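The block underneath contains the structure these notes are about, expressed in structure tokens.
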Amino acid sequence: MHMLEVKNVHKRYGKTEVLKGVDFTMDKGETKVVIGPSGTGKSTLLRCINQLHPPEQGEVWLEGVKITDPKVDINKVRRKIGFVFQDFNLFTHLTALRNVSIGLEKVLKMDKGAAEKRAMDELKRVGLEPHANQYPAELSGGQQQRVGIARALAMDPTIILFDEPTSALDPELIGEVLEVMQSIAHEVTMLVVTHEMGFARNVADEIIFMEGGVIVESGPPKQMFYSPKHKRTGEFLGKIASLYGEE
Amino acid sequence: MESLPFLFDGLKITLLLTFLSLAFGFLLGIVLALGRVYAPKIASLICISYIEIIRGTPLLVQLFILYFGLPSAGIRLTPLIAALIGLSLNSGAYQAEYLRGSIQSIKSGQMVAARSLGMTKLQAIFSVILPQALRTSIPAWSNELIYLLKYTSIAYIIQVVELTAEGKFIAAETFRYLEVFGMIAIIYLCLTIVFTEVIDRIEHKIRIPGLGTKKNQMMRD
Numbered sequence: 258m259h260m261l262e263v264k265n266v267h268k269r270y271g272k273t274e275v276l277k278g279v280d281f282t283m284d285k286g287e288t289k290v291v292i293g294p295s296g297t298g299k300s301t302l303l304r305c306i307n308q309l310h311p312p313e314q315g316e317v318w319l320e321g322v323k324i325t326d327p328k329v330d331i332n333k334v335r336r337k338i339g340f341v342f343q344d345f346n347l348f349t350h351l352t353a354l355r356n357v358s359i360g361l362e363k364v365l366k367m368d369k370g371a372a373e374k375r376a377m378d379e380l381k382r383v384g385l386e387p388h389a390n391q392y393p394a395e396l397s398g399g400q401q402q403r404v405g406i407a408r409a410l411a412m413d414p415t416i417i418l419f420d421e422p423t424s425a426l427d428p429e430l431i432g433e434v435l436e437v438m439q440s441i442a443h444e445v446t447m448l449v450v451t452h453e454m455g456f457a458r459n460v461a462d463e464i465i466f467m468e469g470g471v472i473v474e475s476g477p478p479k480q481m482f483y484s485p486k487h488k489r490t491g492e493f494l495g496k497i498a499s500l501y502g503e504e
Numbered sequence: 085m086e087s088l089p090f091l092f093d094g095l096k097i098t099l100l101l102t103f104l105s106l107a108f109g110f111l112l113g114i115v116l117a118l119g120r121v122y123a124p125k126i127a128s129l130i131c132i133s134y135i136e137i138i139r140g141t142p143l144l145v146q147l148f149i150l151y152f153g154l155p156s157a158g159i160r161l162t163p164l165i166a167a168l169i170g171l172s173l174n175s176g177a178y179q180a181e182y183l184r185g186s187i188q189s190i191k192s193g194q195m196v197a198a199r200s201l202g203m204t205k206l207q208a209i210f211s212v213i214l215p216q217a218l219r220t221s222i223p224a225w226s227n228e229l230i231y232l233l234k235y236t237s238i239a240y241i242i243q244v245v246e247l248t249a250e251g252k253f254i255a256a257e258t259f260r261y262l263e264v265f266g267m268i269a270i271i272y273l274c275l276t277i278v279f280t281e282v283i284d285r286i287e288h289k290i291r292i293p294g295l296g297t298k299k300n301q302m303m304r305d
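The listed protein sequences derive, respectively, from chains L and X.
Using the numbering used here, read the first sequence as starting at 258 and increasing by one per residue.
Using the numbering used here, read the second sequence as starting at 85 and increasing by one per residue.
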């Protein structure tokens with residue numbers, strides 16, 4: 258049994274069908290990176306998995322439970338699916354520490370002291386302990402995103418979804434976030450949508466190339482970069498790799 | 085100036101009406117604003133209708149209906165209670181709109197992030213949305229306080245003996261209209277200044293960098 262199974266997922270917004278039948282699986286501890294042109298449904302796929310935008314057709318299974326079933330308590334399921342946003346989405350009115358501990362308190366019902374201790378541990382893990390009592394507006398983009406990652410990690414999720422985590426960051430700050438992601442890659446199951454080819458090549462167990470709402474090809478980085486089966490894969494990766502530079 | 089004790093009695097009523105209406109209006113406002121934004125269709129429509137009806141009719145008419153109109157339906161309210169109910173119901177509708185504005189100005193990502201953590205809609209509303217919305221609606225809320233302070237004087241028409249009413253009685257007896265009403269105006273003005281200052285200080289104390297008006301925002305290099 259795979260940890261995550263996405264089966265024939267279709268999603269439309271109004272008249273436009275964005276996802277036209279997506280299938281893949283993930284096992285515990287794997288890191289998979291989804292790449293592809295903008296608008297091909299990569300972010301939509303992530304949001305279909307945590308049911309923020311439930312798919313019209315198809316199923317998503319997490320640890321053997323069909324989470325697309327309307328009878329399932331989606332709030333309980335979401336505790337197990339961490340999400341890191343392109344725009345960070347930190348809670349503006351809370352300090353970094355509180356941002357991380359609030360989920361533990363409200364959702365996991367931990368008591369305040371234990372929650373804050375756990376939150377502090379996660380902030381240490383992402384290197385932000387000294388900033389624990391600062392508000393998001395006082396932090397740089399890279400710092401905010403690392404708090405976002407700590408917030409997701411603290412819930413001890415089964416899988417963490419990353420939606421273009423570095424796309425909104427200044428180039429100088431991208432590195433610190435990718436470093437954190439790399440450091441947790443094999444402790445945590447991660448599904449990452451990104452344009453960062455270096456990360457994809459060095460950290461991913463498998464790269465999934467999506468275009469036009471479907472998966473065109475997927476495979477280990479070596480295959481995808483050097484001997485892709487589809488012409489389009491090679492084209493895309495070639496262009497992007499030269500644009501973003503080798504890392 | 086032996087009329088001062090009377091003015092003081094009137095002032096007590098004015099302040100009582102002001103603060104109680106503000107408080108009840110606040111609670112009502114939260115219910116209406118949340119109902120309007122988050123409740124299912126029918127409940128939301130009820131909230132909208134209430135707000136539109138109250139905002140679309142003059143306060144004076146609402147007070148008349150409560151004090152002079154209800155007795156025909158068998159309900160007799162004392163002037164003070166009628167004024168309190170009328171002002172509260174009225175303030176609630178306006179406060180709901182201020183709060184709604186604040187709620188809708190919060191980036192949608194905040195709710196999305198809260199739900200992604202596994203919070204229920206209600207948890208997200210109370211832990212993430214309201215704390216922010218209440219802070220950013222403080223300027224509008226302080227405006228409501230000042231507004232209420234002055235509009236309590238309308239309650240005079242339904243026989244509530246608040247500050248302005250007292251003034252009218254004293255002036256009618258002494259014929260010193262200018263002095264009496266001048267003094268009353270000064271009292272309202274002083275109260276307004278004091279309230280504004282207190283709220284400003286509170287707003288400053290609870291400000292959070294990055295949340296709220298430009299005045300509050302900390303500048304990063």
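Glycine is no exception: its CB is placed at the ideal position from the N, C-alpha and C atoms.
Please read these numbers as outputs of a predicted model, since none were measured by experiment.
Practice item. In the DSSP assignment, find the unbroken alpha helix (DSSP H) run with Tyr261 (chain X) in it and report its ends. Key: Tyr261 (chain X) -> alpha helix (DSSP H) spans 261 to 289.
Review point. What residues match up with Trp318 (chain L) in a beta bridge as DSSP calls it?
Key: L:Glu262, L:Lys323
**Study point:** Where the beta strand (DSSP E) containing Gly476 (chain L) begins and where it ends
**Key:** 471 to 476
Check your understanding: Do you know offhand how far Gly266 (chain X)'s Cα is from Ile135 (chain X)'s?
Key -> CA-CA distance, Gly266 (chain X) to Ile135 (chain X), rounds to 36 Å.
Exercise for review: Following the continuous alpha helix (DSSP H) through Glu508 (chain L), name the residue where it begins and the one where it ends.
Suggested key: Nothing can be reported for residue 508 (chain L): it is not among the residues displayed for chain L, which extend from 258 to 504.
Exercise for review: Drop a sphere of 10 angstroms on the beta-carbon of Arg304 (chain X), count the other beta-carbons inside from all chains shown, and report buried for 16 or more, exposed for fewer.
Suggested key: Bear in mind that a pLDDT of 44 at Arg304 (chain X), under 50, signals an unreliable position, so the number given afterwards is only what the model happens to contain. Burial call: exposed.
Review point. For the alpha helix (DSSP H) that Lys252 (chain X) lies in, which residues bound it at each end?
Key: 247 to 258
Check your understanding: Name the residues in the region 197 to 217 of chain X whose C-beta lies less than 8 Å from a C-beta of chain L; which are they?
Key -> Ala197, Ala198, Arg199, Ser200, Leu201, Gly202, Met203, Thr204, Gln207, Ser211, Val212, Pro215, Gln216
Review point. Where does Gly202 (chain X) sit, in a helix, a strand or coil, going by DSSP?
Key: The DSSP-derived three-state label of Gly202 (chain X) is coil.
Check your understanding: From what residue to what residue does the alpha helix (DSSP H) around Val334 (chain L) run?
Key -> Run containing Val334 (chain L): 331 to 335, per the alpha helix (DSSP H) assignment.
Review point. What residues from chain X crowd round Leu410 (chain L), counting only those whose CB sits closer than 9 Å?
Key: Ordered by position in chain X, no residue passes the 9 Å Cβ test against Leu410 (chain L), which lies about 12 Å from the chain.
Point to revise | Partners in chain X for Ile359 (chain L), counting only beta-carbon separations shorter than 9 Å | key: Ala198, Leu201, Met203, Ser211, Val212
Exercise for review: Please name the residue or residues paired with Tyr270 (chain L) in a DSSP beta bridge.
Suggested key: Looking at the DSSP assignment, Tyr270 (chain L) forms a beta bridge with L:Thr273.
Review point. Looking at the structure shown, is Gly398 (chain L) part of a helix, part of a strand, or coil, going by DSSP?
Key: helix
Exercise for review: List the residues that DSSP assigns as beta-bridge partners of Gly416 (chain L).
Suggested key: Before going on, a small fix: residue 416 (chain L) reads as Ile here, not Gly. Paired residues: L:Ile338, L:Thr446.
Review point. In chain order, what residues of the region 380 to 400 of chain L put their CB closer than 7 Å to some CB of chain X?
Key: Cβ proximity to chain X below 7 Å picks out Tyr392, Pro393, Ala394, Glu395 from the region 380 to 400 of chain L.
Check your understanding: Is it buried or exposed for His388 (chain L), if we count other Cβ within 10 angstroms and need 16 for buried?
Key -> buried
Review point. Using the beta-carbon of each residue, which ones in chain X are nearer than 8 Å to Leu309 (chain L)?
Key: Val196, Arg199, Ser200
Practice item. Could you name the residues of the same chain whose beta carbon sits closer than 7 Å to that of Tyr151 (chain X), not counting the 5 residues immediately before and after it, in chain order? Key: Here the set comprises Leu161, Pro163, Ala166, Ile242.
Check your understanding: Is the beta carbon of Ala425 (chain L) sitting closer than 8 Å to the one on Asp344 (chain L)?
Key -> yes
Practice item. Please confirm if Lys299 (chain L) has its CB atom under 8 Å from at least one CB of chain X. Key: no
Point to revise | Assigned exposure category for Val322 (chain L) - 16 Cβ within 10 Å defines buried | key: exposed
Point to revise | Beta-carbon gap between Ala339 (chain L) and Leu410 (chain L) smaller than 8 Å | key: As written in the sequence, residue 339 (chain L) is Gly, which differs from the Ala given in the question. Cβ distance < 8 Å, so Gly339 (chain L) and Leu410 (chain L) count as in contact.
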